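Visitor:
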Amino acid sequence: MVEAVMVNWAYVILLFILGFITYYRKSLDLFGSAVMIVMGIVIIFSAGANWLLLIILFLIMSLIATKYSKKYKQSLGEFEGRRTSKNVISNGVVACFMAAFGGFYLPFVGGFIGAIATATADTLASEIGVLDQHPRLITTFQKVDPGTNGAVSGLGTGVGIVGAAIIGLAAYFLGIMSNPLMAIGVAIISGTIGCFMDSILGALFENRRLLTNEHVNLIATIVGALVGIILL
Numbered sequence: 001m002v003e004a005v006m007v008n009w010a011y012v013i014l015l016f017i018l019g020f021i022t023y024y025r026k027s028l029d030l031f032g033s034a035v036m037i038v039m040g041i042v043i044i045f046s047a048g049a050n051w052l053l054l055i056i057l058f059l060i061m062s063l064i065a066t067k068y069s070k071k072y073k074q075s076l077g078e079f080e081g082r083r084t085s086k087n088v089i090s091n092g093v094v095a096c097f098m099a100a101f102g103g104f105y106l107p108f109v110g111g112f113i114g115a116i117a118t119a120t121a122d123t124l125a126s127e128i129g130v131l132d133q134h135p136r137l138i139t140t141f142q143k144v145d146p147g148t149n150g151a152v153s154g155l156g157t158g159v160g161i162v163g164a165a166i167i168g169l170a171a172y173f174l175g176i177m178s179n180p181l182m183a184i185g186v187a188i189i190s191g192t193i194g195c196f197m198d199s200i201l202g203a204l205f206e207n208r209r210l211l212t213n214e215h216v217n218l219i220a221t222i223v224g225a226l227v228g229i230i231l232l
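Here you go:
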């Protein structure tokens, strides 16, 4: 028992270090880093450090994807740069809730994986998909400029699915789900559906300024979590 508590506090220290790094590297602003730390602490003491590691994997992949082809994204005006607490909350609060109550309701494990898979798929699809020169609007299939809200592409969709699969595989290796095929299946299906929901909402509502990007991300992760719950 004492050893487990010490391990948890070691991960809390790791969280603070990670928070400092993300702030120092200008990946998150100060409040965004603070929110990330608080959410991480909730997950550690409610679900376990292995659940936290899955979110850290999402964070690492997101940061790498964001920095990839930075100059080209800047030329398009699509480089997001430093993210805020709104980004952290919209992408992570659903997963945090699922982790906090996953021990009381088993399907929330699927919801946790679904929420993270959605956030991962959406982020990778957006950050890498913007490099595809032939995106189409998901609602009309009309050709649009890279970075348009609601745009989808072969590159973005493929990368998003791969990202979701990585989350599922990691969930198995971290012991969050015992069946590898189920873990990967839940991640891919929920992540893909959630990612497409993000695009649909972007095309229908964000382009008309009826929803912000944070609203769209939050709703998409809720959808991904619900799909994960249903599948489990």
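Position 137 (the sequence shown) corresponds to 137 in my numbering; numbering is contiguous.
We put the beta carbon where it would ideally sit given N, CA and C, even for glycine.
Keep in mind the model is a prediction, meaning the values are calculated, not measured.
According to DSSP, what are the bridge partners of residue 136?
Guide: 143 and 152
Visitor: Check residue 232 in the structure and name its three-state DSSP category.
Guide: coil
Visitor: Assign residue 210 to one of two classes, buried (16 or more other C-beta atoms within 10 Å of its C-beta) or exposed (fewer than that).
Guide: exposed
Visitor: Going by DSSP in three states, residue 28 sits in which element: helix, strand or coil?
Guide: Note: residue 28 maps to strand in three-state DSSP.
Visitor: Please report the Cβ distance between residue 171 and residue 183, rounded to the nearest whole angstrom; I am assuming they are in contact, meaning their Cβ atoms lie under 8 Å.
Guide: 5 Å
Visitor: Measure the Cβ-Cβ separation of residue 110 and residue 229 and say whether it is below 8 Å.
Guide: yes
Visitor: Taking the alpha carbon of residue 194 as the reference point, which residue from 203, 206, 97 and 121 has its own alpha carbon closest?
Guide: 121
Visitor: Does the distance from the C-beta atom of residue 61 to that of residue 124 stay below 8 Å?
Guide: Yes, they are a contact pair.
Visitor: Rounding to the nearest angstrom, what Cα-Cα distance links residue 118 and residue 8 in this structure?
Guide: 27 Å
Visitor: Considering only residues of the same chain and omitting the five flanking positions on each side of residue 99, which have a CB-CB separation below 7 Å?
Guide: 43, 46, 47, 51 and 112
Visitor: Looking only at C-alpha atoms, which of 160, 198, 144 and 222 sits nearest to residue 58?
Guide: When only C-alpha atoms are compared, the closest one is 160.
Visitor: How big is the Cα-Cα spacing for residue 13 and residue 177?
Guide: 26 Å
Visitor: What residue from 54, 83 and 90 has the CA that sits closest to residue 24's CA?
Guide: 83
Visitor: Is residue 12 close to the ligand ZN? I mean its beta-carbon at under 7 Å from any heavy atom of the ligand.
Guide: As presented, the structure is devoid of all ligands, the ligand ZN included, so that no description of it is given.
Visitor: Leaving out five residues before and five after residue 185 in sequence, what residues of the same chain have Cβ atoms less than 8 Å from its Cβ?
Guide: 168 and 231
Visitor: Count the other CB atoms within 10 Å of the CB of residue 179; is the residue buried (16 or more) or exposed (fewer)?
Guide: Label assigned to residue 179: exposed.
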